[in-house]
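**Q** Residue numbers (full-length UniProt numbering): 1 to 573.
All C-beta atoms in this analysis are idealised placements derived from N, C-alpha and C, irrespective of residue type, glycine included.
Predicted model only: the values in this text are computed from it and were never measured.
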Amino acid sequence: MSTAEVSETQRLRFKLKEAEEALEKAAQYGLQLLESQHELQNQLEEQRAEMTNTIEALEQEKYSLQREVELKVRMLESMGSECDTIKQQQKLLWEQQEAMQERNHAWEISDFKNKLEKMKAELDEARLSDRQLRHKLELQNEMLSSKSEEMRALSERAHETMSSEVLGLQIDKTELEAARDLLEHEINEMKYRQQQLELTNTNLQRQVERLSEEKEEREREAVSYFNSLEKTREACQDLQIQLDHALQQGQDPNSKGNSLFSEVEDRRAEMERQLISMKVQYQSLQKQHAFSRQQLHRMKIQIATLLQLKGCQADPEQLERLQAMLGQKNNEIEVLMIKLRQLEKLEVTHKAELSCASAGEQVYGDGTYYTDLLKMQLTASKQESDRLGDELSLQRMKALAESQRVLEVERKLFGSERALKLCQGENMKLRVRLDELRMKYEPDAVNKDRVQKRRREKLPVDMPADEPTEKGPGKHQPAVNGEAGQTEPSATLLQEVPAPEPASQLPRETKRVRISEEPPRSVPVDLKIKKEEEEEVEIGAENSRAERKSRQRAHPVIHVSSKPTSENQCAQQ
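Here you go:
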């Protein structure tokens, strides 16, 4: 082991020791914070009790003063209530008319906007079709002029004497030009189709924006309806209060002048004082409950965020294995390219030898027997090499198919795990949202459910992390071909880190969670697979370009067998 490795191990051990000390300190600080929190909670309870007593005394005094003032302002309240009812009726009528007019105007504006968007879309389509037709016409004119030039050139050359080889080459040239024109025509058609799709996409985006605006308008209308409903509820409550007040006035013994109900009146006043004290206590308890509910809500949101972060993490072992496989495939491609170049060189040398042999046959006519024998042996060896190459390519294709199947299974597995973790986070968020909506719209039902049935909710913070596969430092090797799916990685962001036992032992129930704040360095598996596919496509394109260049450089005609060679198949893969 070199000094650099020793220093590296020492540095890593020092870092591990620092991390363990930091975890121990964090645990101690957490215990101190819990103790301080308990102390503060006790102080808060004492302060709440004192505040409740003071508020109760003030409310009792306030009630006695209100009883004294009620008799003096009753007439003024009745007259003011009549004026207020008239004003509210007029205001309500005016608001209803204004809301009706606004809704009508909004509907008309939305109709006009829809018509305008449709006209714009039709105009854009017409312009695009006109531009495409003009471009097609120009291309047709250019093609017609080129064809006329070719016909004129052919008519001029028809009178000239021309060999069969040149005539065949000329025919091949015309066929290639026709194929090129056909490909250009297809490319133009695809461009036109792309432009039309872009136009439809823009139109759909406009429609989406318009629909979103309409949705916002509908939401505003719903909010206005809800506000009007709240106003009507408040009005009903006011009317109920007035009715209770009238009934109370009708049952008031002081107004009737009956002294027999004085004892009942005293008892009623005492019960009202008790009711005020109970209301004050209820309000204080309600505030405390709201505070604890906010804390619980915040904790649930944090847990959902942690679960979402845990689901977004990629597995480093899987990434390392994929990188190793990618490097191996790149090395295989390089080896095949080198073999291809060697075969091209051998082919060139073989052609040179054939030309030399043909020249030697012209000079020395007696060696034809040996040359024929060598040619027969050469053809036999070529056939044998082709057969072996086909078998090799078949085996490689089988191995590649197995590796692709294993990779697909691994991809599905990791995708399902990631989806499970994301679903857990979304489930927690939906629970929090459901609690918010129930507390907002049905607080009475929530309280009844809590009184009737209390259940303990298990939060997924203490879920055991996936146990990573234990591997020695020298046994970690990337899987190749079919062995890629034998090791299943485990991607975990929240890990329960066991701290060493300090001098003062911590309780066993406490658990510490380490959250890595750094973003995940690894690229997701799907993106990496897409990149690998793009690289394979680029490599295949480069190989095809190299083959074209080599064919263009070679002047003599080369007869290629119809069977695909192993090098071409691997390059295509």
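Using the Cβ count rule (16 or more neighbours within 10 Å means buried), how would you classify residue 414?
**A** Its Cβ being crowded by 16 or more others within 10 Å, residue 414 is buried.
**Q** Are residue 132 and residue 195 close, meaning C-beta to C-beta below 9 angstroms?
**A** In this structure, residue 195 lies closer than 9 angstroms to residue 132 by Cβ.
**Q** What is the DSSP secondary structure of residue 442, counted as helix, strand or coil?
**A** Reduced to three states, the DSSP call for residue 442 is coil.
**Q** Nearest CA to the CA of residue 409: which residue from 354, 318, 282?
**A** The shortest C-alpha separation from residue 409 is found at 318.
**Q** Look at the alpha carbon of residue 39 and the alpha carbon of residue 288, and state the distance between them as a whole number of angstroms.
**A** Roughly 16 angstroms separates the two Cα atoms.
**Q** What's the gap between the Cα of residue 343 and the Cα of residue 191?
**A** When rounded, the distance between both Cα atoms is 40 angstroms.
**Q** So, helix, strand or coil for residue 294, using DSSP?
**A** If DSSP states are grouped into helix, strand and coil, residue 294 belongs with the helices.
**Q** Going along the chain, which residues of its own chain have a beta-carbon closer than 7 angstroms to the beta-carbon of residue 60, five neighbours each way excluded?
**A** For residue 60, where only same-chain residues beyond five positions count, the Cβ hits under 7 angstroms are 273, 276.
**Q** If you draw a straight line from the alpha carbon of residue 345 to that of residue 377, how long is it in whole angstroms?
**A** Taking the straight line joining both Cα atoms gives about 20 angstroms.
**Q** Is it right to say residue 575 is buried, meaning 16 or more other beta carbons lie within 10 angstroms of its own, or is it exposed?
**A** Summary: the structure shown does not reach residue 575, with the chain confined to residues 1 through 573, and so no result is reported for it.
**Q** Anyone know if the C-beta pair for residue 181 and residue 143 falls short of 9 angstroms?
**A** Their beta carbons are under 9 angstroms apart, which means residue 181 touches residue 143 by this criterion.
**Q** What is the residue span of the alpha helix (DSSP H) that residue 240 lies within?
**A** Taken as a continuous stretch (DSSP letters only), the alpha helix (DSSP H) holding residue 240 covers 164–250.
**Q** Apart from the five residues just before and just after residue 483, which ones in its own chain have a Cβ nearer than 6 angstroms to its Cβ?
**A** With a pLDDT of 37 at residue 483, under the threshold of 50, the predicted position of this residue should be treated as unreliable, and no value is reported.
**Q** Hey, would you say residue 51 sits closer than 9 angstroms to residue 292, going by beta carbons?
**A** No, these two residues do not count as a Cβ contact at 9 angstroms.
**Q** Tell me whether the stretch 109–129 and the stretch 194–212 touch, counting them as touching only if at least three CB pairs, one residue from each stretch, are closer than 8 angstroms.
**A** Touching, yes, given that three or more Cβ pairs across the two stretches are closer than 8 angstroms.
**Q** If you count every other CB in all the chains shown that lies within 10 Å of the CB of residue 584, and 16 or more means buried, which is it?
**A** The structure shown has nothing for residue 584, since the chain only spans 1 to 573.
**Q** For residue 348, count neighbouring Cβ atoms within 10 angstroms of its own Cβ and tell me buried if that reaches 16, exposed if not.
**A** Residue 348 should be labelled exposed.
**Q** Please state whether the Cβ-Cβ distance between residue 425 and residue 307 is less than 9 angstroms.
**A** Yes, Cβ-Cβ distance for residue 425 and residue 307 is below 9 angstroms.
**Q** Taking the CB atoms as reference points, tell me whether residue 218 and residue 114 lie closer together than 9 angstroms.
**A** The answer is no: Cβ separation not under 9 angstroms.
**Q** Assign residue 421 to buried or exposed, taking buried as 16 or more other Cβ atoms, counted over all protein chains shown, within 10 Å of its Cβ.
**A** Under this definition residue 421 is a buried residue.
**Q** What is the rounded straight-line gap between the Cα of residue 146 and the Cα of residue 156?
**A** Taking the straight line joining both Cα atoms gives about 15 angstroms.
**Q** Given that a residue counts as buried once 16 or more other Cβ atoms are within 10 Å of its Cβ, and exposed if not, what is residue 22?
**A** So residue 22 ends up on the exposed side.
**Q** Beta-carbon within less than 6 angstroms of residue 7's beta-carbon, same chain only, minus the 5 sequence neighbours each way: which residues are those?
**A** Cβ neighbours of residue 7 beyond the five flanking positions: none.
**Q** If you count every other CB in all the chains shown that lies within 10 Å of the CB of residue 574, and 16 or more means buried, which is it?
**A** The structure shown does not extend to residue 574, since the chain is modelled only from 1 through 573, so no value can be given for it.
**Q** Assuming the contact rule is C-beta atoms closer than 8 angstroms, residue 199 and residue 116 should be a hit. Round their C-beta distance to whole Å, please.
**A** About 17 angstroms; that fails the 8 angstroms criterion.
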